[in-house]
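According to mature numbering (1 follows the signal peptide of the UniProt record, and there is no 0), the sequence shown holds residues -17 to -1, 1 to 299 in order.
Yeah, the Cβ is synthetic: ideal placement off N, Cα and C, and Gly gets one too.
Down below is the structure, laid out as structure tokens.
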Amino acid sequence: MPSLSALLLSAGTSVLAALHVQAGTYNLYQNNVGADFLQNFVWETTANPSGGAVEYTTQSAALAANLSYAYGDTFVMRVDDTTTLSASATGRQSVRIKSNEQYTTHAVVFDIRHMPQGCGTWPAIWEVDDTVGVANGELDIMEGVNNVSPSYTTLHTGGSCTMPANRTERGSTATQSSGNNGCSVSSPYSSTYGPDFNANGGGWYVVERTNQAISVWFWSRQDSTVPATVSGGGSTINTASWTSPPIAYFPSSSTCNLSANMMSHNIIINTMLCGSWAGSRYSASGCPSTCIDYVNANPAAFSNAYWDFAALRIYL
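Pasting the structure below:
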């Protein structure tokens, strides 16, 4: 996952930026509930990145170790919380899954009851073609580290791509840079991430991607304004009917042509430990020891480092 250390924002303004362009109605294409995840996603065993403390497992190994399991309307993927590791260990076992199919124009509803929390954790939901990295663009729908709210949503492109400052979104866009470092939006709600998210029973993230714009919404489980088609798993959703602005909004423009920068992407969900962001922010987050030493020596600290999905619904 690319670093969030530097972030992109153009100081320019435009009339188009103030418009919230949406595609409108989408039909349910794939309804992932419980065991559907086992069929429609592959378990990736990518190499531990620099500064990381994770060892991703295969699906069979994850199921055998109870790091992944599904029953009824529940799908869980979690970090090992029983093994004390040596200093020479590759990392703590975790799970990273990727959709079998790739998508361009689409919408996805992520119905999440619980996300990983704890010092050293870096949970993320993102879309990318990870065989080529950021060259075909990347959208980090939500991620955060070390129990520090809120979540972040970030657009990455392979080249120089700038976003207008006056676009319609609830979140706050951070300082500027270019290219791989991305344009990152901080959510306005602490309930979007970590302990606050989990205390509320989770919530719904929704992403819409078209050639005109990319939008990400969030509703807490306690939010009465969530659209009924989102909370109820409707067979269709109509994003144009929603009155709530997204927490993050990335319009296509002359300074960032989305159709040229964002290609076909898989959906990826994972829990990294330490690494370039969680590791670099570890001490500043009030976490003890060093990130890798803490991960290795404290398995019980990761008992809450798990995802619990009620559903993942893909609309086309």
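- Query: Excluding the five sequence neighbours on either side, which residues of its own chain have a C-beta within less than 6 Å of the C-beta of residue 273, listed in chain order?
  - Reply: Walking along the sequence shown from the start, residue 273 turns up at place 290. Within the same chain, no residue comes within 6 Å of residue 273 by CB-CB distance, once the 5 residues on both sides are set aside.
- In terms of alpha-carbon separation, which member of 207, 85, 231, 175 lies closest to residue 23? Start at 1 with the first residue of the sequence shown, and residue 23 comes out as number 40. In this structure, 85 is the residue among 207, 85, 231, 175 with its C-alpha nearest to the C-alpha of residue 23.
- Where residue 252 falls, given that 16 or more other Cβ within 10 Å makes a residue buried: As a working note, residue 252 is residue 269 in the sequence shown. Buried is the call here.
- Item | Whether residue 233 touches residue 94 by CB criterion (8 Å) | Working through the sequence shown from its first residue, we reach residue 233 at position 250. Working through the sequence shown from its first residue, we reach residue 94 at position 111. Cβ atoms of residue 233 and residue 94: not closer than 8 Å.
- Message: Would the region 73 to 84 count as touching the region 164 to 184 if we require 3 or more Cβ pairs under 8 Å?
- Response: For the pair of segments examined, the region 73 to 84 was found not to touch the region 164 to 184: the number of CB pairs separated by less than 8 Å stays below three.
- Could you tell me the boundaries of the alpha helix (DSSP H) in which residue 189 lies? As a first step, residue 189 is located in the sequence shown; it is residue number 206 there, counting from the start. No alpha helix (DSSP H) contains residue 189, which is instead part of the beta strand (DSSP E) from 186 to 192.
- Item | Continuous beta strand (DSSP E) stretch holding residue 25: start and end | The sequence position of residue 25 within the sequence shown is 42, counting from 1. Note, residue 25: beta strand (DSSP E), 24 to 26.
- Message: If we require 3 or more residues per run, which beta strand (DSSP E) segments fall completely within the region 192 to 279?
- Response: List check, beta strand (DSSP E) in window: 196 to 203, 219 to 221, 231 to 234, 249 to 256.
- Message: For residue 176 and residue 124, which I take to be in contact (beta-carbon distance under 8 Å), what is that distance rounded to the nearest angstrom?
- Response: Here residue 176 is taken as the residue at index 193 of the sequence shown, counted from 1. Here residue 124 is taken as the residue at index 141 of the sequence shown, counted from 1. Rounded, the Cβ-Cβ distance is 12 Å, inconsistent with contact.
- Message: Just to confirm my understanding: we take residue 218, look at its own chain, exclude 5 residues before and 5 after, and list those with CB closer than 6 Å. What are they?
- Response: Residue 218 sits at position 235 when you count from the first residue of the sequence shown. For residue 218, where only same-chain residues beyond five positions count, the Cβ hits under 6 Å are 11.
- Query: By Cβ distance, which residues of its chain are closer than 8 Å to residue -3, with the 5 residues on each side in sequence left out?
  - Reply: On the sequence shown, residue -3 is found 15 positions in, with the first residue counted as 1. Residue placement at residue -3 is flagged as unreliable, the pLDDT there being 27, under the threshold of 50; the coordinate-derived value follows with that caveat. Exclusion of the five residues before and after residue -3 leaves no residue of its chain whose Cβ lies closer than 8 Å to its Cβ.
- Nearest candidate by alpha-carbon position, reference residue 82, set 21, 203, 63: On the sequence shown, position 99 is the one that residue 82 refers to. The shortest C-alpha separation from residue 82 is found at 21.
- Starting from the C-beta of residue 247, find all residues in its chain whose C-beta is less than 8 Å away, skip the five residues before and the five after it, and write them out in chain order. Residue numbering aside, residue 247 sits at position 264 when the sequence shown is read from its first letter. The residues 85, 86, 87, 112, 119, in chain order, have a CB closer than 8 Å to that of residue 247 in the same chain once the five nearest residues on each side in sequence are set aside.
- Item | Unbroken alpha helix (DSSP H) run spanning residue 45, endpoints | Mapped onto the sequence shown, residue 45 falls at position 62. Unbroken alpha helix (DSSP H) run through residue 45: 42 to 47.
- Item | residue 118 - DSSP class collapsed to helix/strand/coil | Residue numbering aside, residue 118 sits at position 135 when the sequence shown is read from its first letter. The answer is strand: DSSP assigns residue 118 an E or B state.
- Nearest-angstrom beta carbon gap, residue 154 and residue 231 [assumed within contact, 8 Å]: Residue 231 sits at position 248 when you count from the first residue of the sequence shown. Residue 154 sits at position 171 when you count from the first residue of the sequence shown. Residue 231 to residue 154, Cβ: 5 Å. Contact.
- Task: May I have the straight-line CA-CA distance separating residue 284 from residue 99, to the nearest angstrom?
- Result: Along the sequence shown, read from residue 1 onward, the residue named residue 284 stands at position 301. Along the sequence shown, read from residue 1 onward, the residue named residue 99 stands at position 116. One C-alpha to the other measures close to 11 Å.
- Message: The alpha helix (DSSP H) that contains residue 178, what's its start and end?
- Response: Counting from 1 along the sequence shown, the entry for residue 178 is found at position 195. Note, residue 178: alpha helix (DSSP H), 177 to 182.
- Task: Determine the extent of the beta strand (DSSP E) in which residue 291 is found, giving its start and end residues.
- Result: Here residue 291 refers to the residue found at position 308 of the sequence shown. DSSP places residue 291 in the uninterrupted beta strand (DSSP E) bounded by 289 to 298.
- Please list, in chain order, all residues of the same chain as residue 45 whose beta carbon is under 7 Å from its beta carbon, the five residues on each side excluded. Start at 1 with the first residue of the sequence shown, and residue 45 comes out as number 62. Apart from the 5 residues on each side of it in sequence, residue 45 sits with its Cβ closer than 7 Å to the Cβ of 26, 51, 78 in its chain, given in chain order.
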